[in-house]
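Peer 1: First the structure, then my questions, so here it is.
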DNA sequence: GAATAAATATACAGATCGGTCTGTCTTGTC
DNA sequence: GACAAGACAGACCGATCTGTATATTTATTC
């Protein structure tokens, strides 16, 4: 079954938003790239912001799905999975299409905390943090919440250092630090 | 001596760029806010991008100046200064005007690595990292480069978690993790 | 006080923005 | 074959964008 026009639109928008940013990507470029008519877009979405929100939702789904599979396929032991987070991160960062975290970027362009787009970005981080907390709990960390938050800091920091400063080995540095923190959390 | 029109322009632009972002801040808004004429702007800057670059340079100067003073006024012992980084960070994040890191935001809006604005953002992180490395070296860490990079990850991660997810205590979590990493680096 | 330089106001150009409207063409169903 | 739904093309709207041109006012300096 062919993807619906709506899905195709969201996929195309997602790609362009990640590559060029939100403000820099005009409606017309999305339409030209996807071959969809303008009226079709506005039949499915009330505004560009709604399209952005749909793209963020899809990205959140895809990313977390990929991430959880990547972590869990790399290690069975819960404690090893906490480190596998950074192996997955390294794979992502090293990929050809890496262009930073879409949600960090969205928060940058829609800075006010009450903007629905910013709220969606915050929710994404909340969900990823919840997953890391699950891993930490399963591993039996003394303070799973604290450990999860610390590992999140390393992960987000690695994304930033890789994207902004071009540090290709950021995830490897993060993994080394994570091992120290994990060891300490179980000592 | 009154600040020059040029300086006033850069200061106003800086404020608006931090608050609303780069693409979302039009030339006209900067002019209206600063009370400067358009021709004056284009006498001093060839383009908006040049104004952005000037704003980034000023921000880099101001921020690193503030940051180094904030760290060094909080602790004398080099090893304590490594932790004071996160106390300074906490003060910044808790401030009323905190709106994320301007350089992370710039890299988000100007995503291509060869864009001069992106390059300027990368340079800022490089300089901050160099300072942290100095602190780590002065403290006599076994591997100052590695420790500095790890602490940078925590710092950038804290900025992201605070701005995107609204985690007001991100710097405190980062400080806790930093203590573990620092202790480990001297063990 | 005249000359000079700088900043001003204002209008405008040309492009692009998000979004609307009209009308045509295709497609599937009865 | 008639009909309805949905996607298409493309003109169009007002607003806004960066950047330019012109002409006036202000301030400094000799």
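Chains as they are written, first to last, in this note's numbering: chain A, 3 to 189; chain B, 3 to 189.
The beta carbon of each residue, even a glycine, is placed where N, CA and C say it ideally should be.
Keep in mind the model is a prediction, meaning the values are calculated, not measured.
#1: Straight-line CA distance for residue 150(A) to residue 147(B)?
#2: For the pair the stretch 33-42 of chain A and the stretch 62-78 of chain A, tell me if three or more CB-CB distances fall below 8 Å.
#3: Below 8 Å on the Cβ atoms is my contact criterion, and I expect residue 127(B) with residue 179(A) to pass it. Report the Cβ-Cβ distance as a whole number of Å.
#4: From residue 52(A) to residue 169(B), what does the alpha carbon distance come to, in whole angstroms?
#5: Who are the near neighbours of residue 172(B) in its chain, counting only those whose CB is closer than 6 Å to its CB and skipping five residues on each side?
#6: Around the C-beta of residue 111(A), are 16 or more other C-beta atoms found within 10 angstroms, so that it is buried, or is it exposed?
#7: Have a look at 47(B), 10(B), 24(B) and flag the residue whose alpha-carbon is nearest the alpha-carbon of residue 38(B).
#8: Using the Cα positions of residue 200(A) and residue 185(B), report the straight-line distance between them to the nearest angstrom.
#9: Below 8 Å, how does it come out for the stretch 11-24 of chain A and the stretch 54-65 of chain A: are there three or more Cβ pairs, yes or no?
#10: Counting only Cβ-Cβ distances shorter than 9 Å, please list the residues of the stretch 166-180 of chain B near chain A, keeping chain order.
#11: Where does the unbroken alpha helix (DSSP H) through residue 134(A) begin, and where does it stop?
#12: I want to verify the contact list: residues of chain B whose CB lies under 8 Å from the CB of residue 22(A), in sequence order.
#13: I need the straight-line Cα distance from residue 12(A) to residue 139(B), nearest angstrom please.
#14: State the Cα-Cα distance for the pair residue 114(B) and residue 123(B), rounded to the nearest angstrom.
#15: Restricting to Cα atoms, I'd like to know which of 49(A), 15(A), 142(A), 34(A) is closest to residue 82(A).
#16: Mind pulling the chain B residues with CB within less than 8 Å of residue 142(A)?
Peer 2: Looking at the coordinates:
#1: 25 Å
#2: no
#3: With a Cβ gap of about 17 Å, residue 127(B) and residue 179(A) do not count as contacting.
#4: 26 Å
#5: 160, 163, 164
#6: buried
#7: 10(B)
#8: The question about residue 200(A) has no answer, for chain A in this structure spans 3 to 189.
#9: yes
#10: 166, 167, 168, 169, 171, 172, 175, 176, 178, 179
#11: 118-141
#12: 113
#13: 49 Å
#14: 12 Å
#15: 142(A)
#16: In chain order: nothing, as chain B lies at least about 18 Å away.
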